[in-house]
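Colleague: Residue 173 in my numbering sits at position 114 of the sequence shown, with consecutive numbering throughout.
Backbone N, C-alpha and C fix where the C-beta goes; we use that ideal spot for every residue, glycine too.
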Amino acid sequence: MTSLYLLLWITGGILLQLAIYLGVGFWRHWQDYLALRASAAELDIPVKPYATPEAPETVTPAWSGLRNFRVERRIMEDAAQSICSFYLVPEDGQTLSPFLPGQFLTFRLDLPTATGGTEPIIRCYSLSDTPHPKRYRVSIKRALPPDNCQVPPGHASNFFHDHVAVGSLLQVRAPTGHFHIDRSDAPLVLIGGGIGITPMLSMLNWSLTEQPGREIWLFFGVRHGRELVMQPHLETLAAQHPNFHLQVCFSQPQADDVLGHDFQHQGRIDVDLLRRQLPLKPYHFYICGPTPMLESLVPALEDWGVPEARIHFEAFGPASIRRKKSAQALLAAAPAGMTNGTNSAIVVTFAKSGKQLPWQPAAGNLLEFAEANGIEVSSGCRAGGCGSCQATIRAGEVAYRQLPEYDPEPGSCLLCVCTPKTSVTLEL
Numbered sequence: 060m061t062s063l064y065l066l067l068w069i070t071g072g073i074l075l076q077l078a079i080y081l082g083v084g085f086w087r088h089w090q091d092y093l094a095l096r097a098s099a100a101e102l103d104i105p106v107k108p109y110a111t112p113e114a115p116e117t118v119t120p121a122w123s124g125l126r127n128f129r130v131e132r133r134i135m136e137d138a139a140q141s142i143c144s145f146y147l148v149p150e151d152g153q154t155l156s157p158f159l160p161g162q163f164l165t166f167r168l169d170l171p172t173a174t175g176g177t178e179p180i181i182r183c184y185s186l187s188d189t190p191h192p193k194r195y196r197v198s199i200k201r202a203l204p205p206d207n208c209q210v211p212p213g214h215a216s217n218f219f220h221d222h223v224a225v226g227s228l229l230q231v232r233a234p235t236g237h238f239h240i241d242r243s244d245a246p247l248v249l250i251g252g253g254i255g256i257t258p259m260l261s262m263l264n265w266s267l268t269e270q271p272g273r274e275i276w277l278f279f280g281v282r283h284g285r286e287l288v289m290q291p292h293l294e295t296l297a298a299q300h301p302n303f304h305l306q307v308c309f310s311q312p313q314a315d316d317v318l319g320h321d322f323q324h325q326g327r328i329d330v331d332l333l334r335r336q337l338p339l340k341p342y343h344f345y346i347c348g349p350t351p352m353l354e355s356l357v358p359a360l361e362d363w364g365v366p367e368a369r370i371h372f373e374a375f376g377p378a379s380i381r382r383k384k385s386a387q388a389l390l391a392a393a394p395a396g397m398t399n400g401t402n403s404a405i406v407v408t409f410a411k412s413g414k415q416l417p418w419q420p421a422a423g424n425l426l427e428f429a430e431a432n433g434i435e436v437s438s439g440c441r442a443g444g445c446g447s448c449q450a451t452i453r454a455g456e457v458a459y460r461q462l463p464e465y466d467p468e469p470g471s472c473l474l475c476v477c478t479p480k481t482s483v484t485l486e487l
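(1) Can you tell me which of Glu468, Cys440, Tyr459 puts its alpha carbon nearest to the alpha carbon of Thr165?
(2) Could you check which residue in His300, Pro338, Glu286 has the C-alpha nearest to that of Arg201?
(3) For Met135, count the other beta carbons within 10 Å of its own beta carbon; 16 or more makes it buried, fewer makes it exposed. Which is it?
(4) Output the distance between the C-alpha atoms of Ile328 and Leu318, rounded to the nearest integer angstrom.
(5) Return the first residue and the last residue of the beta strand (DSSP E) that Thr451 is part of.
(6) With respect to the alpha helix (DSSP H) encompassing Pro291, which residues constitute its N-terminal and C-terminal limits?
(7) Considering just the uninterrupted stretch of the alpha helix (DSSP H) at Asn217, what are its terminal residues?
(8) So, Pro234 versus Phe158, is the Cβ gap smaller than 9 Å?
(9) Can you have a look at Pro394 and say buried or exposed, based on whether 16 or more other CB atoms are within 10 angstroms of its CB?
(10) Nearest-angstrom Cα distance between Ala215 and Glu178?
(11) To which residues of the same chain is Leu487 closer than 6 Å at the C-beta, ignoring the five residues directly before and after it?
(12) Is there contact here, the region 291 to 303 with the region 337 to 356, by at least three beta-carbon pairs under 8 Å?
(13) Below 8 Å, how does it come out for the region 244 to 257 and the region 344 to 363: are there three or more Cβ pairs, yes or no?
(14) At a threshold of 8 Å, does Ser266 count as lining the ligand SAH (C-beta to nearest heavy atom)?
(15) Let me know if Asp315 comes out buried or exposed under the rule of 16 or more other beta-carbons within 10 Å of its beta-carbon.
(16) If you compare alpha carbons, which of Leu462, His283, Ser482 is closest to Ala454?
(17) Measuring CA to CA, which of Ser437, Leu260, Gln230, Gly280 is closest to Gln352?
(18) Tell me the DSSP bridge mates of Lys200?
(19) Going by C-alpha distance, which of Arg334, Lys414, Asp221, Thr484 is nearest Asp362?
(20) How about Leu260 and Ile275: are their beta carbons less than 9 Å apart?
(21) Which same chain residues, not among the five before or five after Pro149, have their C-beta less than 7 Å away from its C-beta?
(22) Which term fits Gln325, buried or exposed, when burial requires 16 or more other beta carbons within 10 angstroms of its beta carbon?
(23) Compute the beta-carbon to beta-carbon distance between Leu462 and Asn424, rounded to the nearest angstrom, for a pair I have assumed lies under 8 Å.
(24) Just the C-alpha distance for Leu147 and Arg132, rounded to the nearest angstrom, thanks.
(25) Within 10 angstroms of the Cβ of Thr268, are there 16 or more other Cβ atoms? Answer buried if so, exposed if not.
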């Protein structure tokens with residue numbers, strides 16, 4: 060019996076040691092788990108997937124044709140006095156329908172000519188505030204017009220700055236545009252270069268009002284402090300909303316610009332900056348600015364691994380920003396030129412200029428193709444919303460990459476959003 064009791068004591072001791080070992084191991088793992096959860100909460104890592112963005116939202120234009128708006132007030136928004144906001148109210152006094160933050164207004168302007176007459180031109184400017192039932196706001200910078208335009212440099216923007224006063228009447232088409240914010244709860248990264256900040260202001264103001272819990276980062280790039288737009292407004296929003304992170308970048312700071320006070324980063328906005336600042340989350344990126352910024356930033360985001368569906372962009376001025384994967388697919392599909400299904404190359408004929416030119420997918424839409432070959436074409440929004448690049452089709456067919464929001468006349472096409480489906484002859 061003594062041997063049996065001894066064996067039982069030894070076995071019990073071993074089992075006790077094993078239980079203590081397992082208990083300590085479980086305790087340590089439990090503490091690690093609690094620490095991990097605490098860290099996740101501090102880093103705001105979501106514990107459930109973000110709501111999937113709905114299908115692209117559309118809003119039926121609030122009215123057709125042109126509508127008169129009166130300038131209610133105008134405010135200079137930067138120290139350089141180069142950007143002015145115009146507050147517009149409808150002359151008929153009717154309530155305004157909502158628009159999608161990021162969309163633009165199209166203006167028909169009658170500008171004075173050197174001969175004493177007037178010349179009608181079309182210009183588009185982004186709405187720069189959240190939708191309001193009584194007024195719109197656009198913020199306009201003195202800027203050069205698109206290349207090959209018939210009006211002198213800066214003529215339209217200078218007209219706004221120098222001649223559009225409080226009380227002036229303007230002819231305006233309803234808000235439109237495919238570049239606008241989604242309504243999911245996915246975190247946002249808004250990137251504005253120069254005057255490209257204007258649609259970002261609309262998106263930001265709307266989001267903080269309608270989705271106060273949504274995480275938002277705003278990267279705003281200018282040369283120096285004198286070009287910074289609405290600085291007090293942005294700093295106030297950042298102080299009031301802990302989920303809004305303001306990141307100002309100066310590429311050429313002046314002597315009185317203080318790093319850490321007036322701006323957070325020196326240099327241009329690039330993907331290296333984004334990688335340093337942003338936690339790993341499924342952000343949606345909205346980018347607006349000059350063409351060179353988009354030409355470098357959009358492919359870099361794709362190389363970083365951001366899905367195409369989460370990169371949304373709009374360029375100010377002439378732009379052809381083709382997504383990397385889409386461009387590779389198009390070129391791979393037709394390396395020696397596009398055909399029309401009958402093994403013959405597609406040729407675009409410009410009837411008035413007498414030019415016959417082979418077209419390839421890499422050439423972009425017909426507006427970009429015409430401009431690249433020295434054909435002068437009027438243009439405005441370059442997004443199918445204003446109708447200023449409408450051209451008559453003498454022969455052939457075109458295809459639209461996206462349905463235009465402006466309805467072209469029968470027998471015509473909008474060059475900025477279409478490509479030739481067959482060989483085509485245009486009245487240009």
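Modeller: Taking the geometry as given:
(1) Cys440
(2) Glu286
(3) exposed
(4) 16 Å
(5) Where Thr451 is concerned, the enclosing beta strand (DSSP E) stretches over 449 to 454.
(6) 290 to 299
(7) 214 to 222
(8) yes
(9) For Pro394, the predicted model reports a pLDDT of 36, less than 50, meaning its position is unreliable; a value from the coordinates is still stated below. Pro394 comes out exposed.
(10) 11 Å
(11) Once the five neighbours on either side are set aside, the close Cβ partners of Leu487 are Phe409, Lys411, Ile434, Ala450.
(12) no
(13) yes
(14) The ligand SAH is absent from the structure shown, which contains no ligand whatsoever.
(15) exposed
(16) Ser482
(17) Just to set this straight, residue 352 is Met in the shown sequence, not Gln. Answer by Cα proximity: Gly280.
(18) Ile142
(19) Closest option to Asp362, Cα to Cα, is Arg334.
(20) For Leu260 and Ile275, no; Cβs fall outside 9 Å.
(21) Arg126, Phe128, Leu155
(22) Note on Gln325: under 16 other CB atoms within 10 angstroms of its CB, so exposed under the neighbour-count rule.
(23) Wrong, their Cβ atoms sit about 14 Å apart, outside the cutoff.
(24) Rounded to the nearest angstrom, the two C-alpha atoms are 8 Å apart.
(25) exposed
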